[in-house]
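**Student:**
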Amino acid sequence: MAQQGEGHIATAAEHGERDPIHRVAQRNVVTGVDQIVTSRSPAAAERFLQRNLPSIASMDCAFRDPAMAEHVRMQLRPMNALARPANRLSEADLVRYERELRCPRE
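Numbering (the working numbering), first residue to last: 2 to 107.
1. In the DSSP assignment, the alpha helix (DSSP H) including Ser-42 goes from what residue to what residue?
2. In this structure, does DSSP put Pro-67 in helix, strand or coil?
3. Whose CA, out of Asp-61, Arg-103, Ala-45 and Cys-62, lies closest to the CA of Met-75?
4. Sort Val-96, Arg-52 and Ile-57 by Cα distance to Met-69 and report the nearest one.
5. Is the beta carbon of Ile-37 sitting closer than 7 Å to the one on Ala-46?
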């Protein structure tokens, strides 16, 4: 399930590089995040937090599907808890990402 989740996210990222507004690709991120959390895979959670989260959080609100951003925000802490302790985001990083995922940004 973790591999499927990562596949959804990779496909969305690949498509997003060509068309950042593509809402279907962004909704694939939601499916991918859910599958990673459900799989309880520390490695998949760590890869998402390190590779995908920064670009999702930095996406301009005008191009970002608010439902996708809110879903990622809601799953951020459960996903962080799956990561091995040495690879978890700090509380300050979690708060910063949660703020960046909100639109309009605080």
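We put the beta carbon where it would ideally sit given N, CA and C, even for glycine.
**Tutor:** A quick look at the data gives this:
1. Careful: Ser-42 lies outside any alpha helix (DSSP H) and carries neither H nor E.
2. helix
3. Arg-103
4. Ile-57
5. yes
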